[in-house]
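The block underneath contains the structure these notes are about, expressed in structure tokens.
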Amino acid sequence: MSNRYPWILPDLVGRTPPLTYTAIVIDTNPVDPSTIPVAATTTRYPFDPLSYFAIDDKRNSLLGQRWAHLKWLLSKSKDHLHQANEKGRIRMDLKWLSEIRLVPDYLLDGLVEEASQDRREAMTDLMTMKGKINELLDVLRVKRRQRVEIDYRKGIPPVNALSTIILHAVMKDIDANLETIRVLVDRYEPNGSAAFTGMQVNDLAQWREIEQRSAEAQQKIRRYMTLKKGAFVAKRGLDVLTYDLKQLNEELDSWSRAKSGLATACGSFHLDDPSSSESGNDSKGEGSDMEEDNSQ
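So that you can map any letter, position 118 of the sequence shown is 118 in full-length UniProt numbering, and since no number is skipped, the others follow by simple counting.
Here is the structure:
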């Protein structure tokens, strides 16, 4: 989840996930000759540097070009993303204000406590997900270490199943971010829209109405809004971690699938490949024909 645009909601984008890379990752200058900052893949899937898997991310590589395109598109689409982010923020602001704006003073404490509980649960879910990811990483890193440091101790082959699987996963993530930006650019309205302007006016009017209440009520309402925003941001972070966990599980499944290429250091178990048995039968048949010819 981009902490620069935390209010871009999944339902605003539709078929694509929200932005997943944080502002600090996008803005970090990578160590030459890499084009992707190490934090991009150590704080998210695969949770290890790309160099560990000998994945090429230099400027002229396919991955390097894709990352450069993402950074370029982000810089060129600032206005579009800002507008989408503001729409999302105001939409949620209005939703939460409608829940508390007209609530009598004596009932405000109950709503604040509910919001506080919601935020605690969101933070707990976030920490639980991080724990699940760490547990799965412990399993996967043993397998990765066996392959990279023992099986490939003399050097990682230019083409190998592990690096390819991880490369495709990272590319898929970058492509999802690119698609998100393109959808938002397509929906951009240069001069704003009457609906958006109406949302802004409505939001401002409701806050001015709240300012007419007692200082204590205002404080509780602002506390409520802060807690709601905190829970929202935590849930968006959970969305990204859930996606990371999905990628880790897909990799784990690949280790146990014979035809994924990870079953052995050189590739899949050939005996599990139907084409191998067919070719073996063909060879046997050819050998039998030769024996018959020789006997004649």
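Glycine residues also receive a C-beta, built at the ideal position from the N, C-alpha and C atoms.
DSSP three-state label for residue i, please.
i: S242; result: Note that residue 242 corresponds to Thr in the displayed sequence, not to Ser. T242: helix per DSSP, three-state reduction.
i: T180; result: helix
i: T28; result: coil
i: W255; result: helix
i: S295; result: Annotation note: pLDDT 48 at S295 (below 50); position unreliable, coordinate value reported separately. Helix, per DSSP.
i: L102; result: coil
i: T128; result: helix
i: D48; result: coil
i: S75; result: helix
i: E135; result: helix
i: G155; result: coil
i: L19; result: coil
i: I8; result: coil
i: E113; result: helix
i: Q212; result: coil
i: T42; result: helix
i: Y188; result: coil
i: S193; result: coil
i: N3; result: coil
i: N202; result: helix
i: N160; result: coil
Can you give me the Cβ contacts of residue i inside the same chain, cut-off strictly under 6 Å, excluding the 5 residues immediately before and after it?
i: L63; result: D57
i: A122; result: A231, A234 and K235
i: A265; result: D151
i: D118; result: A231
Going by the DSSP bridge assignment, what does residue i pair with across the sheet?
i: S34; result: K58
Quick one: what's got a C-beta closer than 7 Å to residue i's C-beta in the same chain, skipping five residues either side?
i: H80; result: L184, V185 and Y188
i: W7; result: N85, G88, R89 and M92
i: L140; result: L248, E251 and L252
i: E292; result: Per-residue confidence for E292 stands at a pLDDT of 48, beneath the threshold of 50, marking its modelled position as unreliable; the derived number appears in the next sentence. Hits under 7 Å: none found.
i: V103; result: L111
i: R66; result: M171 and I174
i: L70; result: I174, N177 and L178
Enumerate in chain order the residues of its own chain whose CB-to-CB distance from residue i is below 8 Å, with the five nearest sequence positions on each side excluded.
i: E209; result: R101
i: S163; result: F53, A54, I55 and I156
i: S116; result: L227
i: V25; result: P37, A39, A40 and T43
i: W207; result: L97
i: E211; result: Q218
Can you give the Cα-Cα distance for residue i and residue j, rounded to whole angstroms?
i: L227; j: S51; result: 40 Å
i: D203; j: D93; result: 7 Å
i: L19; j: A68; result: 16 Å
i: E250; j: N60; result: 28 Å
i: G131; j: K229; result: 24 Å
i: I55; j: L74; result: 24 Å
i: S98; j: D48; result: 44 Å
i: I181; j: D175; result: 10 Å
i: V159; j: D239; result: 32 Å
i: E149; j: G155; result: 9 Å
i: H168; j: H82; result: 30 Å
i: K246; j: S214; result: 48 Å
i: S260; j: I133; result: 22 Å
i: D173; j: V142; result: 24 Å
i: R205; j: D138; result: According to the sequence as given, residue 205 is Ala; it is not Arg. When rounded, the distance between both Cα atoms is 52 Å.
i: L9; j: R153; result: 45 Å
i: P46; j: W96; result: 36 Å
i: Q146; j: E135; result: 18 Å
i: Y243; j: S256; result: 21 Å
Any chance the CB of residue i is under 7 Å from a heavy atom of the ligand ZN?
i: L248; result: No copy of the ligand ZN occurs in the structure displayed, which carries no ligand at all.
With a threshold of 8 Å, are at least 3 pairs of Cβ atoms found where one atom belongs to the region 82-91 and the other to the region 40-48? no
Give a yes or no on contact between the region 219-234 and the region 108-124, applying the rule of three or more CB pairs nearer than 8 Å. In this structure the region 219-234 touches the region 108-124; the number of beta carbon pairs closer than 8 Å is three or more.
Stretch-stretch touch, CB-based, cutoff 8 Å, three pairs: the region 17-37 with the region 126-137: no
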